[in-house]
Amino acid sequence: MQPEKFYYDNKIVRNFGIATVVWGIIGMTVGLIIAMQLYHPAMNMGNQYTTFGRIRPLHTNAVIFAFVGNAIFMGVYYSLQRLLKARMFSDTLSWIHFWGWQLIIIGAVITLPLGLTTSHEYAELEWPIDIAITIIWLVFGFNMFGTIFKRRERHLYVAIWFYIATFVTVAVLHIVNSVELPVSAWKSYYVFAGVQDALVQWWYGHNAVAFFLTTPYLGMMYYFLPKMANRPIYSYKLSILHFWALIFIYIWAGPHHLLYTPLPGWAQSLGVAFSIMLIAPSWGGMINGLLTLRGAWDKVRDDVVLKFMVVGLTAYGMATFEGPMLALKQINAVAHFTDWIIAHVHVGALGWNGFLTFAILYWLIPRIYKTELFSKKLASFHFWIGTLGILFYVVPMYWSGFTQGLMLKEFTPEGMLKYPNFLETTLRILPMHVMRSIGGGMYLFGVLVMTYNLTRTMLQGKLVANEAAQAMPLEPIDSVAKESSWHRTLERKPIQLMVAALLVILVGTFVELMPTMTISSNVPTIASVKPYTPLELQGRDLYIREGCSNCHSQTIRPFRSETERYGEYSKAGEFVYDHPFLWGSKRTGPDLARIGGKYGNAWHYNHLMDPRLMSPGSIMPNYDWLLTQTLDTTSTIPKINAMRKLGVPYAVGYEKVANRDLDKQAQGIADNLYLDHIKVASNKEIIAIIAYLQRMGTDIKASKTITK
Amino acid sequence: MKYQRVVFLFIFLFIMQPAMAANDSLIPGDVQNYIGYGAIVFTLLLFLVVMLVLLRTFKVLTRIILKSEGYTEEQIVTEMKPVKKEKKPKNDVWIKLLSLKPLSEEKEILIAHEYDGIQELNNPTPAWFMVLFYGTIAFAVGYMLIYHVFGIGQLQDAEYKTEVALAEIAKKAYLSKSANRVDESTVKLVSDPGVLASGSVIFKQTCAACHGDHAQGVVGPNLTDEYWLHGGNIGDVFKTIKYGVLSKGMPTWEKQLTPKQISDVANYIKSLHGTNPANPKEAQGTKETDNAVIPLKKA
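The listed protein sequences correspond, in order, to chains A and B. Per the numbering used here: the first sequence = residues 491 to 1198. Per the numbering used here: the second sequence = residues 289 to 587.
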């Protein structure tokens, strides 16, 4: 047989590489801006489109799906071709994939500041973009499997197992967490409500970390690290064990994001138990990487690329040990809702994803440009300022998290909260936030230096758009020798491998989601809980638009420190009409689950206009545009109809009179404000949001909980 | 002599310290904090830079000294490179724990296949790793059994009840020993300056936002006039603060202020009666003249 000649497509790799860097800079800059807004609210530039609640999702989406996403495609397109000894299946599909993905991100950059959001974290994009993501993701999968089918290598290397698992799982996660009922072109309601919606979201959210930030990067680590260090992978057996264990166990751990919420106890416990079991499979990846460097540690001292890899792997090890610890209820009770979690995710994001991406860029760009890196010194500088930046970022955040977490739980001997005013704890941690933004700034500066370095590298070389290679074609299947093990057999059957991975991840999915969706005892209903009035529903959608849930939770945990501070702890039955749930994941400000009736309408009016009038020193931005913008009531009818379709018991035909009720309630609030000398028209947005705030948590506030 | 001077300086600074601290600064406290934290960060960075400069200096100095001692350029370069230590063979326990094979025997466990030049070793999974893995599985099984089969562990609702019950016992024990027990029926009107000063601080922190700096009334009613919505005697004021009047927007303070603090601030409010602040809010409620404090005659 003659070896076949073919060409690797380097242009698509280069394109994804450039996109990685560009979006990285944008995403991190937005991150720096919102970090500064947390101690200097005026950094929102007095503008609703750049206010924290709207651009925090922009930061997370940009760094996860734009920076990391493009880096994944860069790494996959480079390594897949070489591991399979084949050019990508279709240049057209590669092109559609690249531009489709960039358009999706541009869509996010436009819609998120406009307040078009579903409120589900890391899945904020509205339904038209969700559909686009599904299509582009399938294009990616099709292109990947097409390449696999025309491969010249019989067996699939461990990196490709991770890529396949990434592809199927992300597809499942994205589709299930995007089941929405459209109300209009840019507004939809999630089909699930309350506790069920929360479970779906955090099953998704947790596994977005697992299958978008972890498995593709492990796959890339398995290709690039041995190439960089020129060493064999430490243990093939460990690869097999930790791959299957990781994807099986990860999918179960989602409920640890919902500890001490109204989620059924058995689901919470499963989340804790599986999180603990995740330690070893996660570390399997780290030690297989670090032990691959065995005998090459002298290279690490001289090679900045390997330095990035080592710190990245270590950060991965730290984050994946800390994660299970945070999933323990006792630790979670203090850490949840605080900056501790911000520190935790940034160890992973800046250390693991960031540093691995930088290492791959430094290694790959000179290779596809047939040149040397422009400056090793600058790369080394990047490494050090990046590492320092991470430290300056996470240390203050841990400090801040411990401080606030403990302050909020502290009681005096008289049995009173030591810090009854939430704001007092916020003011205490502001200096830590200042330091954090310095760390973030250093990290971003390092990225800018890298950009300069890579640009100069590209300019001094010339892209080898089509790199020549040759390999023997695959022998016919019947001439292949019998395999030494069952796994070896599986490695040459891509479809079976994909189906196996799919089945493995569906086990945990079904066991946790199905009973919660179908067995009613998991979500006990409460008779006094009624659907929102039309005005409250509109107010709730404004709450979603402004991204209030980015800073305010809506679930009171069953702790004395929280029931003393906020009132009776939250019950599952209270959320049955909440499409979507708005529990939030961070308390930059206090919980709002029972804010209803706590203050007067005038207090809310003044507070939203300028929070510092009512709470001196508050870091909440002004929401003064709510005072002047008119509420769009034309959407009331489709919204009521959609909610009824989702099972909210509005009477048939109610949509026709809904706006009459809305006007009446709005007039009542406007009249009430007038008593306090506040003159505001009843058709302004502020009236609707006050109506919603005053409703929150009042269903079971007056009467005792009735469960049936 | 020198010692004495230092000791005197410290004594002087120690004595001066309260005077300096008492000196009201034009810079507000939080800005001072920022300056402080900024200074710390700056110092740390400066420290780092100094270390780097020193390192560089030592390198340059070594080079100069070596040159002056007649070393050639090549000798200097070799001299400046740190000597690689001979690797000691690690002890057996360590090797066993990590299940490591000596690098020299690596060839024997190299698997025949390769992917784009990447080879794999047939190392076993390290023993400690398997112990960790099985250990966490045992933990997880035990966890589920304890909470959901044997019912030994408390789930969150039960845990909450226990927490509150224990706290109640501790609180009762503490309060039975302290004099901090005051309620709307036992609160007394006093004009002790200490009480009023403490009340004034609480007022500024918690009440001024709605009732105004001088209790002239903003969102909430004027507290200095003779008109009261919910009763003007000390017991009524105490009660209004303690339980709030939610329908009118007055929050409940029971959970945030101790009985002593409520009593202090109630007394402070009573002491403001008739102070006629600027921009008063119009009268609300009913006029009460049978107050214990008789207002001064209007001039």
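Every residue gets a Cβ at the ideal spot worked out from N, C-alpha and C, and that includes glycine. Computed from a predicted structure; not experimentally measured.
- In terms of beta-carbon proximity, K395 (chain B) stays away from the interface with chain A, with every pair separated by 7 angstroms or more.
- Flagged as an interface residue toward chain A: D404 (chain B), by a C-beta distance shorter than 7 angstroms.
- By the neighbour-count criterion, in which 16 or more other beta carbons inside 10 Å mark a residue as buried, E1175 (chain A) falls on the buried side.
- Contact between the region 617-630 of chain A and the region 650-670 of chain A is present: 3 or more CB-CB pairs across the two stretches fall below 8 angstroms.
- Interface flag for R572 (chain A) against chain B is set, since a Cβ pair is found closer than 7 angstroms.
- At a cut-off of 7 angstroms between beta-carbon atoms, F298 (chain B) makes no contact with chain A.
- When the beta-carbon positions are compared, H834 (chain A) and E812 (chain A) come within less than 7 angstroms of each other.
- Counted as a single uninterrupted DSSP element, the beta strand (DSSP E) harbouring Q407 (chain B) occupies residues I406 to L409.
- Close partners of R784 (chain A) in chain B (Cβ separation under 8 angstroms): L388 and L391.
- For E402 (chain B), the uninterrupted beta strand (DSSP E) segment begins and ends at L398 to Y403.
- Closer than 7 angstroms to the CB of R1050 (chain A) there is at least one CB belonging to chain B.
- The residue from A:G605, A:L1082 and A:E1054 with its alpha-carbon nearest to that of T540 (chain B) is A:E1054.
- Under the 8 angstroms Cβ criterion, the region 418-431 of chain B counts as touching the region 768-775 of chain A, having at least three qualifying pairs.
- One alpha carbon belongs to V503 (chain A), the other to F335 (chain B), and they sit about 42 angstroms apart.
- Note that the region 845-852 of chain A touches the region 557-574 of chain A; at least 3 beta-carbon pairs, one per stretch, sit closer than 8 angstroms.
- Around the beta-carbon of M491 (chain A), fewer than 16 other beta-carbon atoms lie within 10 Å, marking it exposed.
- Residue range K677 to Y680 is occupied by the beta strand (DSSP E) that includes K677 (chain A).
- Contact of F427 (chain B) with chain A is assigned, a C-beta pair being separated by under 7 angstroms.
- M887 (chain A) carries a helical assignment under DSSP once its states are collapsed to helix, strand and coil.
- Classified as exposed, S674 (chain A) has fewer than 16 neighbouring CB atoms from the shown chains inside 10 Å of its CB.
- Assignment of alpha helix (DSSP H) within the region 503-553 of chain B, counting only whole runs of 4 or more residues, yields 522-531 in chain order.
- DSSP, read as helix, strand or coil, puts F702 (chain A) in helix.
- In the three-state scheme derived from DSSP, where H, G and I count as helix and E and B as strand, A770 (chain A) is classed as helix.
- C-alpha of G590 (chain A) to C-alpha of R642 (chain A): approximately 29 angstroms in a straight line.
- Contact with chain B is found for W1093 (chain A), since one of that chain's Cβ atoms lies less than 7 angstroms from the residue's Cβ.
- DSSP places N956 (chain A) in the strand class (E or B) of the three-state scheme.
- Proximity to A823 (chain A) across B:Y435, B:E447 and B:N555 peaks at B:E447, based on C-alpha coordinates.
- When C-alpha distances from Y713 (chain A) are compared across A:W651, A:S1011, A:E973 and A:A688, the shortest belongs to A:W651.
- Taking CB atoms only, N567 (chain B) has no neighbour in chain A less than 7 angstroms away.
- Taking 9 angstroms as the cut-off between beta carbons, none of the residues of the region 341-369 of chain B comes near chain A.
- Annotation for L671 (chain A): the continuous beta strand (DSSP E) segment containing it runs E670 to S674.
- In this structure, the alpha-carbon of R1185 (chain A) lies about 8 angstroms from that of Y1022 (chain A).
- The alpha carbon of V452 (chain B) has as its nearest neighbour, out of A:K1076, A:E1058 and A:G1090, the alpha carbon of A:E1058.
- Between K459 (chain B) and chain A, the shortest Cβ-Cβ separation is below 7 angstroms.
- Against E1054 (chain A), the close residues of chain B are K543, in the order they occur along the chain (beta-carbon pairs closer than 8 angstroms).
- Neighbours of L409 (chain B) across chain A, judged by C-beta separation under 8 angstroms: P722, I723, Y724, S725 and Y726.
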